[in-house]
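Counted the way this note's numbering counts, the sequence shown spans residues 311 to 637. Glycine included, every Cβ here is placed at the ideal spot set by N, Cα and C. One structure is given here, and the rest of the page talks about it.
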Amino acid sequence: MIIEPDGIFFSPQIGFKRGCKVEMEVTMPRKFTINSGEALALGSRGMYKPSLINRCENKLYFNDIPAEENLLRIEVSFKTEDHNVRSKLQLGIFNFEVPQRYVGYALHILNLYNHTYAYLVDLFNVTLNRIHVRFFLPDFNSLLEMGGYVPFSSGRIGDIYLNVMYLRAVRGEIEVIALHELIHHFLWRAGISPSLLWFHEGMAQYISLDICDKMKCGEIDFIRRRLRAEVKNVRERFADQFGFLQEWTPSYHPQDLRSCYAASYYIVCMLAEEHGGIEYYRRFFQTIKNKIIEDDAELAYHLSLAAGESVVKTLNGRWGFNIPDIY
């Protein structure tokens, strides 16, 4: 995948019989300059540097793989001589600046945004101004850790950035990621402070999955199963005590990010399950019209209004939060 002048080669999974002697050769186009410090074979037991890089032929050789390995992927970063030619696309309020090779993917995401916009306006009870979207090439050492992001700074919300590597993921993955990041814009516009990051992230994942499921965007059942496994792990690890989420902000995560995301998603899902599903959150956004919600007490108060009963007992008693009940 390339966003000029940078690129990353990430191979499909390479499988072979355990115990075999393995030799792998990767040939790169001549116009690519291999970054020798970022070239690895990634195995289940370790990471292995190339045994040789032939710069004259632009080839890498991996010949020192332990016999215990039988599944590998190769990752190589490089620079390209190609010029950075970008297209600027627009559909409705959405703009997408994109390298020409990914125009088809960008148009798909713009159509997804345009198709779901009216539904999201109705759900969140707000409209958006112009939204700008871009693909980004991730860091070599954190290739798939982040599907996308929206920067928050100085009281403002930034553009939507989508990890270009996820264009190669299972069908539905990039759609869920794209909607997840768009929903952050709706939450911010509706008055939910980014300092309430657990609610931002839980809501973004819950609603994006719900929409993609209804639209039959792809392998949503697979994505849900993976997320359920993560939820199961985080519930067992923390015994349902998720009070640490109250400390989670854009600049600080109190536990590993995977646990924070999974716990937040679980809480948002359970509140919906117990109070009417997506319609519960529609009522919630009606109660906060023209308000700014900056702390957990205010958030829980309006969640309680939408539920018709206090949710603080659940947040505090079941999940280990520490929130005053002002309902």
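Does the stretch 518-537 come close enough to the stretch 480-490 to have 3 or more Cβ pairs within less than 8 Å? yes
Quick one: residues in its chain with C-beta nearer than 8 Å to the C-beta of Val413, no 5 flanking neighbours on either side, listed in chain order? Ser397, Leu399
Does the distance from the CB of His495 to the CB of Leu537 come in under 8 Å? no
With DSSP run on the structure shown, which of helix, strand or coil describes Ser518? helix
Return yes when the Cβ of Ala377 is within less than 8 Å of the Cβ of Gly347, no when it is not. no
Using the Cβ count rule (16 or more neighbours within 10 Å means buried), how would you classify Gln551? exposed
How far does the beta strand (DSSP E) with Gly353 in it reach, from first residue to last? 342-353
DSSP three-state call for Arg592: helix, strand or coil? helix
Selection from Arg592, Cys522, Ala607, Leu625 that minimises the alpha carbon distance to Val436: Arg592
Beta carbon of Glu604: closer than 7 Å to some heavy atom of the ligand HEM? As far as ligands go, the structure on display features none, and thus does not contain the ligand HEM.
Residues sharing a beta bridge with Asp308, DSSP: The displayed coordinates of the chain run from 311 to 637. Any statement about residue 308 would go beyond what the structure contains.
Assigned secondary structure, Ile375 (DSSP; H/G/I helix, E/B strand, else coil): coil
Expected contact under 8 Å - CB spacing of Ile403 and Ile344 to nearest Å: Rounded, the Cβ-Cβ distance is 41 Å, inconsistent with contact.
Val443: first and last residue of the uninterrupted beta strand (DSSP E) it sits in: 441-446
According to DSSP, simplified to helix, strand and coil, what is Gly630? coil
Would you check if the distance between the CB atom of Phe595 and the CB atom of Ala514 is smaller than 8 Å? no
Identify which residue in Ile375, Glu608, Gly468 has its Cα closest to the Cα of Gly356. Ile375
8 Å Cβ cutoff met for Glu511 and Val460: no
Kindly list the residues whose CB is nearer than 6 Å to the CB of Glu407, restricted to its own chain and excluding five residues on each side of it in sequence; keep chain order. Arg396, Lys398, Arg444
Determine whether the beta carbon atoms of Asn451 and Gln556 lie at a separation below 8 Å. no
Taking the beta carbon of Tyr575 as the centre, do at least 16 other beta carbons fall within 10 Å, making it buried, or is it exposed? buried
My assumption, with CB atoms under 8 Å, is that Ser518 sits in contact with Ile493. Please give the rounded CB distance. 6 Å
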